[in-house]
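Under this note's numbering, the residues of the sequence shown are numbered 298 to 644, in order. No residue lacks a Cβ here, since even glycine has one placed at the ideal position from N, Cα and C. See structure below.
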Amino acid sequence: MSSKFYHPLFRVYTFHTPTRVVFGINALDRLVEELKKFDPKTALIVSGKNVCKTEGYSKISKMISSVCPVLEFNEVSPEPSSSLVTRLAEKAREAKPSLVVGIGGGSTLDMAKVASVAAANEKDPLSYFKGEPITKRGPPVITIPTLSGTGSEVTPISVVVDKGKKLAISHPFLYPSLTVVDPTLSVTASPNSTASAGIDALCHAMESFMSLDSTPITESLAFEAMSLSDEYLERAYSNGEDIEARTGLSLASLLAGMAFLNTGLCLAHGIAYTFAVKCNLPHGVSVAVAEPYVLEFNAPAIPDKLDVMAAAFGIDTEEASPAETGNAIAMRLTEIMDTLNLPLGLE
């Protein structure tokens with residue numbers, strides 16, 4: 298990473314990430330030990346229709362059941378709808394869990410956070426996505442990702458689709474208390490899911506790095522996430538059982554999530570929200586389609602940042618102009634998308 302220090306010398310930085318992280322191959326071996334720290338009386342598992350049929354899910358469910366009684370909600374689908382949120386809230390209020398465990402991809406982890414909020418707050422859960430204050434903290438949430446990309450395992454964010462529009466909420470009460478990131482759980486993810494989620498992690502890192510609110514702390518995380526994605530995303534897509542690649546992607550997702558929860562995201566996400574639902578594109582794909590244009594737009598304003606970003610992709614920019622550097626990064630992103638068989642536009 299470049300040693301050039303371009304941040305204002307007397308600027309004060311803040312960094313916050315309250316989620317405890319247990320990371321690594323076979324990290325699940327520590328799950329029971331971690332669960333006991335919460336002393337749960339009942340646990341609600343939130344998952345999807347496909348994930349709940351996997352060996353990994355069965356293993357996790359048995360581990361949780363060895364600690365406390367378990368209830369299950371296995372109806373989550375990608376881009377969860379308002380009707381699903383309503384059903385989930387009813388389940389959470391009926392179950393009154395002392396712990397919520399999300400097992401799955403980003404949408405599932407988002408819904409685990411919603412279940413926690415619904416269990417402690419009485420109003421229509423969709424109203425919280427429309428500005429209604431959340432007044433009570435719900436039961437602790439544990440996230441166990443089976444797909445690498447969204448960063449939802451460590452963020453206080455949840456997204457739903459209502460009447461063809463995406464609604465998002467970010468609130469301190471939505472922070473997971475614990476995430477257990479075991480890359481072995483992601484080896485069964487399909488190539489398409491690996492691609493759309495993995496490109497999302499890469500774009501999270503890029504946008505966090507470009508953010509006006511970035512700091513040396515978040516940029517270190519985002520730089521490593523970009524570098525890991527550049528090295529491992531195409532490998533994981535080509536061979537899902539490549540555990541080194543899966544571990545690299547899992548770490549990229551985690552680090553990018555920790556970065557952007559402190560900096561926010563940028564223009565590409567804002568643009569993507571305008572067409573993702575209408576064009577029926579996965580979230581990560583819609584962001585990646587917009588990202589090259591955002592790089593071109595931002596290039597003149599962030600020449601120093603672009604040089605560092607280029608280094609994460611192994612791009613030499615010694616004699617390049619900001620426009621040329623931005624274009625080189627955009628070309629590398631496009632190359633990755635092409636390898637992943639992702640659309641490069643809306644045609």
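Next item on the list: For M634, I'd like the list of residues in its chain whose CB is within less than 7 Å of its CB, leaving aside the five on either flank, ordered along the chain.
Entry: I496, A585, L641
Next item on the list: Please specify which runs of the beta strand (DSSP E), each continuous and at least 3 residues long, are wholly inside the stretch 303–373, giving them in chain order.
Entry: 317–320, 340–345, 367–373
Check: Bridge partners of L475, per DSSP?
Finding: R317, I439
Check: When the Cα of S413 is compared with those of D510, P469, T311, which residue comes out closest?
Finding: P469
Check: Of the residues K346, D459, F557, A565, which one's Cα is nearest the Cα of T311?
Finding: F557
Next item on the list: Mind checking which residues open and close the alpha helix (DSSP H) that includes G581?
Entry: 580–595
Next item on the list: Keeping to the same chain, check which residues put their C-beta closer than 7 Å to that of M507; ignore five residues upstream and five downstream.
Entry: C563, N595, I599, K602
Notebook entry, point to check: Between S505, K460, A417, P436, which lies nearest to S294 when the distance is taken from Cα to Cα?
Noted result: A question about residue 294 goes unanswered here, because the residues of the chain that appear run from 298 up to 644.
Check: Hey, would you say K463 sits closer than 8 Å to Y570, going by beta carbons?
Finding: yes
Margin query: Could you pull the DSSP bridge partners for L643 from this structure?
Written below: Note: L643 sits in no beta bridge, so no partner.
Margin query: Taking the straight line between their C-alpha atoms, what separation do you get for D326 and D539?
Written below: 20 Å
Item checked: Secondary structure of K462, DSSP reduced to three states -> strand
Margin query: Starting from V484, trace the alpha helix (DSSP H) in both directions and tell me its first and last residue.
Written below: From DSSP, V484 is part of no alpha helix (DSSP H); its letter is neither H nor E.
Notebook entry, point to check: Taking buried to mean at least 16 other C-beta atoms within 10 Å of its own C-beta, is A465 buried or exposed?
Noted result: exposed
Next item on the list: Kindly list the residues whose CB is nearer than 6 Å to the CB of M360, restricted to its own chain and excluding five residues on each side of it in sequence; keep chain order.
Entry: L328, V329
Check: Expressed to the nearest angstrom, what Euclidean distance is found between the alpha-carbon atoms of M408 and E615?
Finding: 46 Å
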